[in-house]
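When the letters of the sequence shown are read in order and numbered with my numbering, they come out as residues 477 to 920.
Note that beta-carbon positions come from the ideal geometry of N, C-alpha and C, so glycine has one too.
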Amino acid sequence: MSTPNTTATLEEIVALCKRRGFVYQSAEIYGGLNGVYDFGHLGTLLKNNIRAAWLKSINEFGDVLQFEGSILGSEAVWQASGHLTNFSDPLVDCMSCKHRYRADDIDLDKSCPHCGNKQWTDVRQFNLMFKSQLGAATSSTNDVYLRPETAQSIFINVKNILSTNRVKIPFGIAQIGKAFRNEITPKQFLFRMREFEQMEIEWFCKDEDSLATFERWCSARLDFYRHIGLTMHNIRLHAHTKEELAHYSRMCNDVQYQFPFGWKELEGIAHRGTFDLSQHSQHSGKDLGVFDEELKSSYLPTVIECSVGVDRLFLTLLFDAYTEDIVEGEKRIVLKLSPTMAPIKAAFFPLTKKQHEPMSALYHDIKKKLGLAMQYDDSGSIGKRYRRQDEIGTPLCFTYDYDSANDNAVTVRHRDTTTQERIAVERVAEYIVDTLNSPFQKIY
Numbered sequence: 477m478s479t480p481n482t483t484a485t486l487e488e489i490v491a492l493c494k495r496r497g498f499v500y501q502s503a504e505i506y507g508g509l510n511g512v513y514d515f516g517h518l519g520t521l522l523k524n525n526i527r528a529a530w531l532k533s534i535n536e537f538g539d540v541l542q543f544e545g546s547i548l549g550s551e552a553v554w555q556a557s558g559h560l561t562n563f564s565d566p567l568v569d570c571m572s573c574k575h576r577y578r579a580d581d582i583d584l585d586k587s588c589p590h591c592g593n594k595q596w597t598d599v600r601q602f603n604l605m606f607k608s609q610l611g612a613a614t615s616s617t618n619d620v621y622l623r624p625e626t627a628q629s630i631f632i633n634v635k636n637i638l639s640t641n642r643v644k645i646p647f648g649i650a651q652i653g654k655a656f657r658n659e660i661t662p663k664q665f666l667f668r669m670r671e672f673e674q675m676e677i678e679w680f681c682k683d684e685d686s687l688a689t690f691e692r693w694c695s696a697r698l699d700f701y702r703h704i705g706l707t708m709h710n711i712r713l714h715a716h717t718k719e720e721l722a723h724y725s726r727m728c729n730d731v732q733y734q735f736p737f738g739w740k741e742l743e744g745i746a747h748r749g750t751f752d753l754s755q756h757s758q759h760s761g762k763d764l765g766v767f768d769e770e771l772k773s774s775y776l777p778t779v780i781e782c783s784v785g786v787d788r789l790f791l792t793l794l795f796d797a798y799t800e801d802i803v804e805g806e807k808r809i810v811l812k813l814s815p816t817m818a819p820i821k822a823a824f825f826p827l828t829k830k831q832h833e834p835m836s837a838l839y840h841d842i843k844k845k846l847g848l849a850m851q852y853d854d855s856g857s858i859g860k861r862y863r864r865q866d867e868i869g870t871p872l873c874f875t876y877d878y879d880s881a882n883d884n885a886v887t888v889r890h891r892d893t894t895t896q897e898r899i900a901v902e903r904v905a906e907y908i909v910d911t912l913n914s915p916f917q918k919i920y
């Protein structure tokens, strides 16, 4: 095996996603919908693994309740949260070709990248929220917005959640769901989209404990990325300056990943203080405070938020895992994903069609026993079948060959090293489980 190349371009990732059915352009047969994507079978499996790993990681921190809020939010919610006033990006138009750009993405002292002319409009702020109306009547009282984040539905329901669940401060409320932002220029494939999915936890604590809690969450989130197999020298924490802070934050650290297009935010860890609860208390007229039995008084808890995009983490995992090497004189593309994150956990091959029946029986038995995503493949040469599984990140391939009927054993081939070993058929299920439970370390 040759020395691998582990740096992928965006074009290579896009090509892999389409070729293997991870991701499709939404409404492609009608020309596509910019900044919106559909996820195929493998993509959905990978996203499910991401969600499961995230939920497991946050539950290890303490008491966490799950929540699913509505996608539509009334205008009053977004007025109170500050999004109607503050949730905008700088927009500029080329006066010659009418192309629009985020003003902070281009150099206005230079010519338009599209037409080469240098005539810009004044920079203006563009609100990123999608607006709609409820019902058939057109009235400002019916104005609603697609949520640009999932957090606000948690804040406006915190009283309901507290009164119906037996939890005390500190505790968390976690939500995974869709959010929508009318981005001026969606770009870098899944990195900046108009429809995307967020995983957010709002951790409620006492203010005197909040700084220590913020640091604990920063450490816990780095542990999460280490656990799912990301290369940690491509991960760093970036502390926001005062100029970078969102209107609701006292402080914020971004978990950044080094993409081919630079260090970019993967997750935001924000100390939101009491901003959200105080705003909704003030605007709604409802007390969102928590009663302290010891002090015999009510107070607004402080909130620490961790927010990461499922789609952005999906893209990060592909970049981090993508590897090219030479095996038996041929170029090989392999996704060196952690087995727990791999969409397909194992593949089962009969060496020839003659071994179809016993291998098919073994495949269905193991799949039923473990309940994991697996594949059976008897099409093409064994080498081509290995390459197909390498390219989608399958960690283990089992082959039933001419000797299997005699020794009741199969050959297992390891994705990253291409090494093979012989194991008894009755050990296959145990072998897969052990692989999934073993600490993952990339092998180059």
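Reduced DSSP category for residue i - H, G, I as helix; E, B as strand; rest coil
| i | result |
| --- | --- |
| R600 | strand |
| Y775 | strand |
| Q896 | strand |
| P566 | strand |
| K821 | coil |
| T816 | coil |
| G648 | strand |
| S608 | strand |
| R576 | strand |
| N510 | coil |
| E673 | strand |
| F790 | helix |
| R726 | coil |
| E781 | strand |
| N633 | coil |
| G558 | coil |
Nonlocal neighbours in the same chain, by C-beta distance under 6 Å from residue i, ignoring five residues either side
| i | result |
| --- | --- |
| D796 | L706 and T707 |
| S502 | L509, V512, Y513 and D514 |
| I534 | V540, A650 and I677 |
| F751 | Y724 |
Same chain, Cβ closer than 8 Å to residue i, neighbours up to 5 away in sequence not counted
| i | result |
| --- | --- |
| P736 | T483, A484, T485, L486 and F795 |
| I820 | L518, L521, A849, M850, Q851, Q865, I868, G869 and T870 |
| C728 | A715, H716, E720, L721, A722, G744, I745, A746 and H747 |
Buried versus exposed, by CB contacts within 10 Å (16 or more), residue i
| i | result |
| --- | --- |
| P915 | exposed |
| R576 | exposed |
| A655 | buried |
| T689 | buried |
| T816 | buried |
| A612 | exposed |
| L638 | buried |
| D580 | exposed |
| P589 | exposed |
| A822 | buried |
| G549 | buried |
| F767 | exposed |
| S557 | buried |
| T597 | exposed |
| L584 | exposed |
| I842 | buried |
| Q555 | exposed |
| S814 | buried |
| I802 | exposed |
| D919 | The amino acid occupying residue 919 in the given sequence is Ile; Asp does not appear at that position. Exposed is the call here. |
| L610 | exposed |
| K523 | buried |
Integer Cβ distance of residue i from residue j, believed to fall under 8 Å
| i | j | result |
| --- | --- | --- |
| T792 | Y878 | Their Cβ separation, rounded to whole angstroms, is 43 Å, which puts T792 and Y878 out of contact at 8 Å. |
| P662 | N510 | 6 Å |
| V909 | V886 | Contact doesn't hold; Cβ gap of about 16 Å is too wide. |
| S629 | S546 | 6 Å |
Which listed residue (the options) has its alpha carbon closest to that of residue i
| i | options | result |
| --- | --- | --- |
| N710 | S855, S695, W693 and E741 | E741 |
| L687 | L721, V731, G749 and I660 | G749 |
| G648 | S725, S783 and Q758 | S783 |
| I858 | I919, H590, V490 and T894 | T894 |
| I489 | D585, F667, D619 and H840 | F667 |
| I780 | K532, I505 and F537 | F537 |
| L771 | F563, K594 and K682 | K682 |
| E691 | I842, L604, H747 and N636 | H747 |
| C694 | Y862, D730 and V553 | D730 |
| S757 | D768, P777 and L872 | P777 |
| Q755 | L492, G497, A552 and F498 | A552 |
| K845 | A905, I802, A837 and L872 | A905 |
| V634 | W679, G592 and Y920 | W679 |
| C873 | V643, R898 and N884 | R898 |
| D892 | L811, F543 and A696 | L811 |
| I434 | L713, L764, D763 and E673 | Examination of residue 434 is not possible in this model, given that the chain is present from 477 through 920 alone. |
Own chain residues within Cβ distance below 7 Å of residue i, not counting five before or after
| i | result |
| --- | --- |
| R863 | R808 |
| P826 | H832, M835, D854 and Y876 |
| F940 | Not covered by the structure: residue 940. The range shown for the chain is 477 to 920. |
| R702 | M708 |
Proximity test, Cβ basis, 8 Å: residue i and chain C
| i | result |
| --- | --- |
| K635 | In the structure shown, chain C cannot be found, because there is only a single protein chain. |
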